[in-house]
Structures are given as structure tokens and as C-alpha cells.
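The structure under discussion appears below in the form of C-alpha cells.
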Amino acid sequence: MRSWIQTGWRQVRNQQANSLLVVLTLGLGMTGIALVLAIADGLLFRALPFPANDRLALLWTTPQARPAELGLSSPALLNDLQSTVSGLETVGGFYFENLNLSRLPGGDLPAPERVRAIRTTPGFFATLGLSPAMGRLPLPLEELVGASKTVVLSWDFFQQRLGGNAQVLNQDLVFSGAVFRVVGVLPRDFRFPTVPAAVFAPAQLHPNLATARSARFLHILATRKAAMSPFGLEQELLQMNR
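For the sequence shown, this note's numbering gives the first residue as 9, with consecutive numbering after it.
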């Protein structure tokens, strides 16, 4: 049976994006939430392993003509939230991508292997309150387009595909023809609450996407400031673009 846990939500018109911004805030004791309908089943009835899960919010857009249809967001909207909404402590975006793993530190694979990746924007790890079990997270310069590519491994991928060998740090893997430097490994008990992801890599979005409001491909996560109530955040969002 499909269930939805909702508290303190409002639909807010975003005139520039010609859409509605839906804010759904998680409360203490809640066991699951859906980012979008397509991945809802992977989130329901699952404990959230994040330090600030009582202030964690999921934001998405929905067409004005179809208010029940949940959709993805643009980098432009993400930038708006980061720069104009003072009630948000951290904001980050992400999207899923299938990559083909063709080389490990020991050499090329006999055949490429499909790997599920999450491509992240600045603020993603901070919003979830994540710290690596080994190594580090991507540096700000590594988030920029044209920078060297880095990757953070899930614990399961690190153990099952790389034998739990700490020497993999600062080694290179090849995904879909591009070289990624391994900089960190996430904690053993961390599971992203959707379909499993093996690796996390900066999206390195081109600056032109910052103003392209029609490019809607991001899921957006945000953390409400501790001093800001859900109602206060809703009121602040209502002031956007007025």
C-alpha cells in the first residue's frame, strides 16, 4: 500500500519558472518520503540516516496546469534558492546517471560494467550531513566544469568491487571513457534512500545552465535552519519573485 507522509507543505508560484514550487518538510519520527513518484517505492517506510532529518526538505516543481504531477527542477531554481531564501541552511541538487566502468587501478576490464552513479552539485553532501569514512569529499574547485573529475565511492562498491583496499584512494577509475580520481569512501551504514548508487561524482554543470530554466533534471534537497519554523520558511518562499 502506498503511503505519503506530509507535513507543513504549501504550493508556491515561481513566476520565472512558470511552475509551482512544492516544499515538503520531514518531521521527527517520519520513516520515509518520496522525491518523485517514479522512485517513491524505494523511499517509503525506510528510516532516514541523516543528522538533520527533522529539518530536511525535498523540493520539486509541478506544472501549473497539472498540479498533481511532480517534476524535476532546474539549476536556475537551485541557484535562486541558494541565493535568496535565508531560511534554508544548505541546498544541493543531484541527478542519476548510468556509467560504464571500464578500468580499475589494476587494469582494463574484459567488458564494461554498468554502474549507477549520482551526480552532485555543491551543497549535496553538506545538506545530508555526510562525512567520508575514508579520504575526503570533492573540493569546491573540483565542482567546476573543466576541472579534473573526482569520484566518491559507496562502501558497498568499495568493498565488493575494489576489495576494501584503502590504496584505491588517489587512484584512477575510468567511467564511460573519462578518468575519475577516487578521493573518498562513504560510511558503511550510509545508504542513499532511493535506488542504490555505487558512486557519487560532481556534476560539473556548465555555467550556461545556471540561467536555463527549461533544463529541469535536478532533484533538490534542502535543510531548514534550526531557528526557522516550517511555517516561516513557507512564508519566505511565498515572497520569491514577488
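Note that CB positions come from ideal geometry on N, CA and C, so glycine has one too. Since the structure is predicted, the reported quantities are computational estimates derived from the model, not experimental observations.
Residue i bridges to which residues according to DSSP?
i, result
"Leu-109", "Glu-121 and Phe-183"
"Val-159", "Val-190"
"Phe-208", "Ile-126 and Val-160"
"Arg-232", "Leu-96"
"Phe-102", "Thr-128 and His-227"
"Asp-116", "Arg-111"
"Gly-143", "Gly-192"
If you count every other CB in all the chains shown that lies within 10 Å of the CB of residue i, and 16 or more means buried, which is it?
i, result
"His-227", "buried"
"Pro-118", "exposed"
"Pro-83", "buried"
"Pro-210", "buried"
"Pro-59", "exposed"
"Gly-100", "buried"
"Arg-232", "buried"
"Ala-230", "buried"
"Arg-144", "exposed"
"Ser-91", "exposed"
"Ala-174", "exposed"
"Leu-149", "exposed"
"Val-176", "buried"
"Leu-241", "buried"
"Val-187", "exposed"
"Leu-147", "exposed"
Rank the options by C-alpha distance to the C-alpha of residue i and give the top, closest one.
i, options, result
"Leu-152", "Val-159, Leu-170, Trp-163 and Pro-130", "Pro-130"
"Met-142", "Ala-206, Val-193, Ala-230 and Ser-81", "Val-193"
"Arg-111", "Arg-169, Gln-175, Ala-218 and Val-191", "Arg-169"
"Arg-127", "Gly-79, Tyr-103, Leu-161 and Ala-218", "Tyr-103"
"Val-190", "Asp-88, Gln-243 and Lys-157", "Lys-157"
"Glu-244", "Leu-89, Leu-64 and Leu-85", "Leu-89"
"Gly-185", "Gly-240, Ser-81, Gly-79 and Asp-116", "Asp-116"
"Gly-114", "Gly-171, Ala-125, Pro-204 and Val-159", "Gly-171"
"Ala-155", "His-214, Ala-125 and Ser-81", "His-214"
In its own chain, which residues sit with a C-beta less than 8 Å from the C-beta of residue i, not counting the 5 before and 5 after it?
i, result
"Val-123", "Asn-106, Leu-107, Asn-108, Leu-109, Phe-165, Phe-183, Ala-206 and Val-207"
"Asn-87", "Ala-218"
"Pro-120", "Asn-108, Leu-109 and Ser-110"
Can you give me the Cβ contacts of residue i inside the same chain, cut-off strictly under 6 Å, excluding the 5 residues immediately before and after it?
i, result
"Ala-134", "Thr-98"
"Asn-178", "none"
"Phe-132", "Gly-100 and Phe-102"
"Gln-212", "Val-153"
So, is the C-beta of residue i closer than 9 Å to a C-beta in chain D?
i, result
"Ala-155", "Although the question refers to chain D, the structure presented lacks it and comprises just one protein chain."
Ignore the nearest five residues each way along the sequence and tell me which others in residue i's own chain have a CB closer than 7 Å to its CB.
i, result
"Leu-181", "Leu-109, Arg-111, Leu-112, Val-159, Phe-188 and Val-190"
> Hey, is the region 135 to 154 in contact with the region 194 to 204, meaning 3+ C-beta pairs nearer than 8 Å?
Replying inline: Touching, per the Cβ criterion.
>> Below 8 Å, how does it come out for the region 228 to 244 and the region 87 to 99: are there three or more Cβ pairs, yes or no?
In response: Touching, per the Cβ criterion.
> So does the region 209 to 226 actually touch the region 162 to 171, counting three or more Cβ pairs closer than 8 Å?
Replying inline: Touching, no, given that fewer than three Cβ pairs across the two stretches are closer than 8 Å.
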